[in-house]
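Notes follow the structure.
Residue numbers (full-length UniProt numbering): 1 to 436.
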């Protein structure tokens, strides 16, 4: 367990009056300071789950995703070995005398099957072990709530069963709503709402319409992304390039559905193969849509979701691998951050302020492999990034099982040769005291 003294020191450091959000947009010449990383701990191969062909057992243990805990004390990651790891940040994280720190997982939650999605409880508080919970969706098993400080303890499970064949439904996206009393899960063409206190299936669900105003027409593709706005609008994005908007954080009916596929004149600029990530601007005015095999992000004004306001271009993310995005509020508005396959993280300032194509306002080289996650600390101007990719010619069990459904990352032309050293790392960056 974390000692009370260490926890107190950490929280005091994070909330110091000398630590303030960065003022204004980032100048492209500024270089953030790397203050912690995992070194080469994850740059080696691992043996995949039982049942994978022996010739394909060795895989780079790359980082698929990272999320900050709501209190900012920890980062929870999902790796290629299908384990969820919790990295508790050191109390002296911002002390330059001891940087860069080496990050080691405090706990590891292995999974017998592929983890398709996970979410951290919004009331997560490292000082209160009863709140340090994560929700995960393993395939062919019930959804489960686990305590990261004691992974052997599973407080609750939620069986989500297909009544037609009695098989478990594994959501490709999950998100807590209503301050953690409920959560929503996105599966094949369906958004379902669960009560956290009720260990059972969903209370109710909505079908994602194929298009606005459609009756009886349902989008049955996978819902890969969910995001709730400050006005409690839930956006759900599918692999068919459709986005549905639901009221009351998903409890309300589907208000509209629209496609991110552009007009023929926009086909080159807006090409993509399915929604992978969604995010709202802090004021709830703009919805940001990231697709796989796309070189940018779509920007929609919530007042007219049938018209694209802008396209954040030059992301360099033409890959089937899921590469996440994040939005940071600034005193002048907000910034959108996203990683590319070239290891570069890019920023666009105030999306929607410029119509049409919007090129990056900053580019920073942070990794030597695709940047799979870019997430901001909830309190201070500290950024977490993670990276890695599958070796060319090697396919996971999840890919083989779901390639036709397109619900998991699959190998692509931008994968690195198996002979090259993988750059599978989690890094923490300080933007308050940038380096030279």
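From the three backbone atoms N, C-alpha and C, an ideal C-beta is built for every residue, glycine too. These numbers were taken from a predicted model, which means no experiment stands behind them.
Residue i (DSSP reduced to helix, strand or coil)
i: residue 359; result: coil
i: residue 390; result: coil
i: residue 353; result: coil
i: residue 250; result: helix
i: residue 189; result: coil
i: residue 95; result: coil
i: residue 131; result: helix
i: residue 424; result: coil
i: residue 31; result: strand
i: residue 198; result: coil
i: residue 272; result: coil
i: residue 303; result: coil
i: residue 39; result: coil
i: residue 123; result: coil
i: residue 180; result: helix
i: residue 396; result: Only weak support exists for where residue 396 lies, its pLDDT of 45 falling under 50; the value from the coordinates is given anyway. The answer is coil: DSSP assigns residue 396 none of H, G, I, E or B.
i: residue 216; result: Residue placement at residue 216 is flagged as unreliable, the pLDDT there being 49, under the threshold of 50; a coordinate-derived value is accordingly withheld.
i: residue 141; result: coil
i: residue 61; result: coil
i: residue 106; result: coil
i: residue 203; result: coil
i: residue 208; result: coil
i: residue 147; result: strand
i: residue 430; result: strand
i: residue 260; result: coil
i: residue 385; result: strand
i: residue 170; result: coil
i: residue 437; result: Residue 437 lies beyond the stretch modelled for the chain, which goes from 1 to 436, so this question has no answer here.
i: residue 279; result: strand
i: residue 56; result: Note that residue 56 scores a pLDDT of 47, beneath 50, so its modelled location is shaky and nothing firm can be said.
i: residue 316; result: coil
i: residue 308; result: strand
i: residue 244; result: strand
i: residue 321; result: coil
Close Cβ partners of residue i (< 7 Å) along its chain, the five nearest in sequence each way excluded
i: residue 117; result: 137, 171, 172, 173 and 174
i: residue 177; result: 183, 184, 228, 249 and 250
i: residue 78; result: 64, 65, 84, 115 and 118
i: residue 86; result: 74, 76, 105, 106, 107 and 148
Neighbourhood of residue i by C-beta distance below 8 Å, restricted to the same chain and skipping five residues each side
i: residue 88; result: 2, 73, 74, 106 and 126
i: residue 167; result: 140 and 161
i: residue 358; result: 299, 310, 311, 312, 313, 348 and 351
i: residue 273; result: 239, 241, 291, 292, 293, 294, 320 and 406
Beta-carbon spacing of residue i, residue j below 8 Å
i: residue 129; j: residue 145; result: no
i: residue 83; j: residue 109; result: yes
i: residue 199; j: residue 157; result: yes
i: residue 233; j: residue 226; result: no
i: residue 236; j: residue 208; result: yes
i: residue 119; j: residue 194; result: no
i: residue 343; j: residue 367; result: yes
i: residue 80; j: residue 61; result: yes
i: residue 276; j: residue 224; result: yes
i: residue 142; j: residue 179; result: no
i: residue 134; j: residue 196; result: no
Segment limits, beta strand (DSSP E) that includes residue i
i: residue 326; result: 325–330
i: residue 75; result: 74–79
i: residue 157; result: 156–158
i: residue 165; result: Segment: none, residue 165 is in no beta strand (DSSP E) and carries neither H nor E.
i: residue 86; result: 84–88
i: residue 237; result: 234–238
i: residue 289; result: 286–291
i: residue 338; result: 333–339
i: residue 371; result: 371–376
i: residue 224; result: 223–228
Contact set for residue i: own chain, Cβ-Cβ below 6 Å, skip 5 residues either direction
i: residue 38; result: 103, 425 and 426
i: residue 221; result: 238, 239 and 240
i: residue 92; result: 98
i: residue 231; result: 284
i: residue 261; result: 241
i: residue 192; result: 185, 202 and 205
i: residue 446; result: Nothing about residue 446 can be read from this structure; the chain reaches only from 1 to 436.
i: residue 339; result: 323, 345, 371 and 374
The segment 371–384 in contact with the segment 324–340 per 3-pair CB rule at 8 Å: Verdict: yes, contact present.
Cβ contact (3+ pairs, closer than 8 Å) linking the segment 308–323 and the segment 351–362: In this structure the segment 308–323 touches the segment 351–362; the number of beta carbon pairs closer than 8 Å is three or more.
The segment 276–289 in contact with the segment 248–259 per 3-pair CB rule at 8 Å: The segment 276–289, when compared against the segment 248–259, does not touch it at the 8 Å Cβ threshold.
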